[in-house]
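Structure first, then comments.
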Amino acid sequence: MTENIILKDDHNEFKFPVVVGTENEKGIDISNLRSETGYVTLDPGYGNTGSCESRITYINGEKGILRYRGIPIEELAQHSDFIEVADLLIWGSLATKKMRERFTALLTDNALLHESLKHHFEGFPFDAHPMAMLSAMVNALSCYHPVLALPQNPREIEEAAAILISKIRTIAAFSYKMSRGEPFIYPKAKFSYAENLLHMMFSLPHEPYEVHPEVKRAVDLILILHADHEQNCSTSTVRMVASSGANLFASVSAGIAALWGPLHGGANQAVIEMLEKIHSGNMDAKQCIKMAKDKDSGIRLMGFGHRVYKNYDPRAQILKELSKKVFNVLNYEDPLLDIALELEEIALKDSYFVERKLYPNVDFYSGIIFRAIGVPKNMYPVFFAIGRLPGWIAHWREANENKKSRIARPRQIYTGPAKSNYVPIEQRPDRKP
Ligand code: ACO
């Protein structure tokens, strides 16, 4: 039996159906709210708004559960690899050996950049932020693959996905090389996805880059953990841009721009900057926590808190363990890890963080691992974007294939001036800057 929610005003009663998800999460379907009642809802930040029904990722923020297409993140982290996870997210089930080989071959075929696209790098200043380059270059891919940018059938989606997943890694590595004034290094077909990323970033023509197998695995695991997170800011951006009919590459480019912000994918960089500040002696861990609790300080404990998780982010748990493993195999020590552990210990006992259910999120430990591997800070969000790409593609596909989807166009409550008349320029009062 359909459950309904009754909404009453002074004169009328309105009934709205409840939509129930696989895990019994419930949403009130208010698609007829305005036409029936004249009201709209007001939900700044969309904390209470479901923008779509989705079959891709399930999160239970209270219990700290994350599943891609039904499979727990812990199982994928243990048994899978990034390319298998990417394929799973996009197509909805685990690939057979034959399917997997086909996708891998497509990725290899698409690893290089068109020579003219390569010249775009020369148009950027050498110190350009790699996220700006990434967003621009991914958008530019629309010009090189205009047909596949709007894929119409599964074969075209597969090819477009391979272009994006393979080339984003090359673009990322080339932007790093550009910033260092070093020659571009081309991918090798025999290398795994993560290994190729490290190879293109860190190899030099005269000295190859030897990478420990555990480091390759760590990078692959980080990409898996970032691969999707349902309707987060960047994914919602991708879906919103897609809703206008915009092509896949343009939609992903917008997603990269959204991810760049320090409250989202830029937080991993911000966490390390915060830890460095503590380490350099400008403040200690206790002072940092004190400032994060003071609303007037304008400081937050970066890498802590999450819109959905009101428990330990399961990805942060895995990354915390991974950081210790990577440090071990590299025989590496970093005072920033000790500071992070201390901050976590203080925060998790502090009533401010306990009452607000603020726990470490995925960004709290990822930067510490990147640092150990030698990835510079401004590339951390780039790794996040490479990881998140399969999720964006899966959501773009889901949104596009939904015959009921409409252009995303929220309403507002206007609070500006009431109707007023145009004033000739000589009669206008001074405006305070
Ligand atoms: N440090 C201190 N206080 C915090 C923090 C934090 N990191 N996060 C939230 N709070 C406080 C808020 O000030 C607010 O307090 P109040 O109720 O007294 O006003 C309360 O906790 C709720 O916070 P909101 O801002 O309403 O939570 P929201 O869901 O809007 O924001 C966000 C989530 C953006 C992640 C926030 O926790 C934050 O800014 N964290 C730091 C940045 C960060 O790590 N971002 C990465 C997120 S994960 C990702 O995108 C991959």
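Going from the sequence shown to my numbering is simple: count from 1 and add 8.
Don't be surprised by glycine CBs; every beta carbon is placed ideally from N, CA and C.
Does any residue of chain B bring its CB to less than 9 angstroms from the CB of residue i?
{"i": "HIS19", "result": "In the structure shown, chain B does not exist; there is a single protein chain."}
Which one or two residues does DSSP pair with residue i in a beta bridge?
{"i": "VAL27", "result": "GLY35"}
{"i": "THR65", "result": "TYR76"}
{"i": "ASN408", "result": "Paired residues: none, contrary to the question."}
{"i": "PHE22", "result": "LEU15"}
Any heavy atom of the ligand MN closer than 8 angstroms to the CB of residue i?
{"i": "CYS60", "result": "The ligand MN is absent from the structure shown, which contains only the ligand ACO."}
Return helix, strand or coil for residue i, following the three-state DSSP convention.
{"i": "PHE335", "result": "helix"}
{"i": "PHE129", "result": "helix"}
{"i": "LEU50", "result": "coil"}
{"i": "PHE134", "result": "coil"}
{"i": "THR116", "result": "helix"}
{"i": "TYR430", "result": "coil"}
{"i": "GLY58", "result": "coil"}
{"i": "ASN147", "result": "helix"}
{"i": "HIS87", "result": "helix"}
{"i": "ASN386", "result": "helix"}
{"i": "HIS403", "result": "helix"}
{"i": "LYS71", "result": "coil"}
{"i": "THR45", "result": "helix"}
{"i": "MET9", "result": "coil"}
{"i": "LYS105", "result": "helix"}
{"i": "ALA180", "result": "helix"}
{"i": "THR414", "result": "With the sequence shown as reference, residue 414 is identified as Arg, and Thr is not the correct amino acid for it. Reduced to three states, the DSSP call for ARG414 is coil."}
{"i": "ALA157", "result": "coil"}
{"i": "PRO443", "result": "There is simply no residue 443 to check, as the chain begins at 9 and stops at 441 in what is shown."}
{"i": "GLY4", "result": "Nothing can be reported for residue 4: it is not among the residues displayed for the chain, which extend from 9 to 441."}
{"i": "LYS440", "result": "coil"}
{"i": "ARG419", "result": "coil"}
{"i": "SER251", "result": "coil"}
{"i": "ASP95", "result": "helix"}
{"i": "LEU172", "result": "helix"}
{"i": "GLY100", "result": "coil"}
{"i": "LEU121", "result": "coil"}
With a cut-off of 8 angstroms on the beta carbons, I'd call residue i and residue j a contact; round off their distance for me.
{"i": "TYR388", "j": "ASN276", "result": "4 angstroms"}
{"i": "GLY313", "j": "ASP371", "result": "Actually they are not in contact, since the Cβ atoms of GLY313 and ASP371 sit about 10 angstroms apart, beyond 8 angstroms."}
{"i": "VAL249", "j": "TRP400", "result": "Between TRP400 and VAL249 the Cβ distance is about 10 angstroms, and since that is not below 8 angstroms, they are no contact."}
{"i": "ALA157", "j": "PHE257", "result": "5 angstroms"}
{"i": "ARG6", "j": "ASP95", "result": "Nothing can be reported for residue 6, as the shown portion of the chain is limited to 9 through 441."}
{"i": "LEU233", "j": "ARG323", "result": "4 angstroms"}
{"i": "THR57", "j": "ASP51", "result": "5 angstroms"}
{"i": "ASP342", "j": "PHE335", "result": "7 angstroms"}
{"i": "LEU338", "j": "ALA300", "result": "Wrong, their Cβ atoms sit about 30 angstroms apart, outside the cutoff."}
{"i": "ASP228", "j": "PHE90", "result": "5 angstroms"}
{"i": "SER143", "j": "ILE280", "result": "Not really, about 22 angstroms apart at Cβ, beyond 8 angstroms."}
{"i": "TYR373", "j": "ASN319", "result": "16 angstroms between Cβ atoms; not a contact."}
{"i": "ALA293", "j": "ILE354", "result": "6 angstroms"}
{"i": "VAL208", "j": "PHE134", "result": "According to the sequence shown, residue 208 is Met rather than Val. Not quite, the Cβ-Cβ distance comes to about 18 angstroms (not below 8 angstroms), so this is no contact."}
{"i": "VAL390", "j": "PRO138", "result": "5 angstroms"}
{"i": "PRO25", "j": "ASP37", "result": "5 angstroms"}
{"i": "LEU114", "j": "GLU33", "result": "In fact, because the Cβ distance is near 36 angstroms, the residues do not count as touching under 8 angstroms."}
{"i": "LEU121", "j": "LYS175", "result": "6 angstroms"}
Secondary structure, alpha helix (DSSP H): runs of 4+ residues fully inside the region 186 to 249: Positions of the alpha helix (DSSP H) runs, each at least 4 residues long and wholly inside the region 186 to 249, are given as 201 to 210, 221 to 234 in order along the chain.
Please go through the region 265 to 295 and give each complete beta strand (DSSP E) segment of 3 or more residues, from N-terminal end onward. Inside the region 265 to 295, DSSP marks no whole beta strand (DSSP E) run of 3 or more residues.
Unbroken stretches of the alpha helix (DSSP H), 4 residues or longer, contained in the region 304 to 380: DSSP runs (the alpha helix (DSSP H)) wholly in the region 304 to 380: 322 to 338, 343 to 357, 359 to 363.
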